[in-house]
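A short write-up of the structure that comes next.
Numbering (this note's numbering), first residue to last: 70 to 412.
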């Protein structure tokens, strides 16, 4: 008597569709969004040629990150590559073009986080690393730690074969002019730093920190942030950008990824990035509602300026800020970069 054919085997033979392939065929549509800083960004204060250059930089960064996602690369790969584009541009406060400290030097910070595993890497107080976001990722993947700072972080960089650059590499004419104005304004005054001195007086209220959020084809979220910090900072000041939960956070479980920019002290005190994601996870709020609550209802009463880019598990993204403008962009449904600067 012939042996009966199992129903599943019969269906597979009729459709010519292997069962394993049917289970793994579906993939997530990738998504990518960035920011390049928030603050007193007004069209009348930005020369047309500078605006054009900023837009071009953001478009290049967006297309660089999205191309990696389209090829099946990870969200982490896309974020690192895109942020490197803006770190190499002199028009943002990250990498080349970073603001100067009160000592006339440059100190850079960065962080990156994997939403799938909650692994994270961060660096602070770097003076000789061309692309801090790449070192932050190496801290995540090649060390048992989350954050390394200063000379220790740079020693780790050398152990990983990363070339160093002179501190003056990060300088631009604009940053030198900004520094000289501030230095002349405080000449002969006490060196005590208050809330009104020096950043609020001479920083043009622009927080040119850069950051990105991404969703890859595997459905994994990630976030990253890089900055030169507050202009004319003293005493090894570190802001929110390298602080996981303050300036950067990503969690597949929460269905949320965040990168922030603004006055770092307020972002740290209020763990802004993590708070937004936890509202999404625990209160089931949309990313728009969660971000607006934190940026407007929590920060504004305290005097905290800034903004965030947020992405959810479906690839939807929002930019929320309480300042006059925010350099920002995303990839639209047609795969094209969209860049906006003003409110």
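Built from N, CA and C at the ideal position, the CB exists for glycine as well.
Check, Outcome
"DSSP three-state assignment for residue 374, whether helix, strand or coil", "coil"
"Residue 351 to residue 161 span [Cα, whole Å]", "35 angstroms"
"Residue span of the beta strand (DSSP E) that contains residue 183, given as start and end", "177-183"
"Sequence-distant residues of its chain with Cβ nearer than 6 angstroms to residue 154 (five each side left out)", "129, 130 and 133"
"Residue 111 classed as buried or exposed, judged by whether at least 16 other C-beta atoms fall within 10 angstroms", "exposed"
"Residue 251 burial status per 10 Å Cβ neighbour count (16 or more: buried)", "buried"
"Minimum C-alpha distance to residue 291 - residue among 189, 353 and 395", "189"
"Distance between residue 384 and residue 139 (C-alpha atoms, nearest Å)", "14 angstroms"
"Closest by C-alpha distance to residue 96, when choosing among 156, 249, 380 and 285", "285"
"Reference residue 391, options 376, 404, 187 and 336, closest by Cα", "376"
"Secondary structure of residue 349, DSSP reduced to three states", "helix"
"DSSP three-state assignment for residue 290, whether helix, strand or coil", "strand"
"Within 9 angstroms, strictly: CB atoms of residue 103 and residue 295", "no"
"Touch test, the region 313-321 against the region 358-368, Cβ-Cβ under 8 angstroms, three pairs minimum", "no"
"Residue 97 - DSSP class collapsed to helix/strand/coil", "coil"
"Pairwise C-alpha distance: residue 228 and residue 393", "43 angstroms"
"Exposed unless 16 or more other CB atoms sit within 10 angstroms - verdict on residue 399", "buried"
"Residue 305 vs residue 372 beta-carbon contact at 9 angstroms", "no"
"Boundaries (first-last residue) of the beta strand (DSSP E) holding residue 191", "189-195"
"Pick from 100, 235 and 238 that is closest to residue 142, judged by C-alpha positions", "100"
"Option nearest residue 298 by Cα separation, candidates 196, 315 and 163", "163"
"C-alpha gap between residue 241 and residue 217, whole angstroms", "27 angstroms"
"Coil, strand or helix - residue 225 by DSSP", "helix"
"Range covered by the beta strand (DSSP E) that runs through residue 281", "279-284"
"Residue 254 (DSSP reduced to helix, strand or coil)", "helix"
"Length of the line joining the Cα atoms of residue 152 and residue 277", "12 angstroms"
"Residue 149 classed as buried or exposed, judged by whether at least 16 other C-beta atoms fall within 10 angstroms", "buried"
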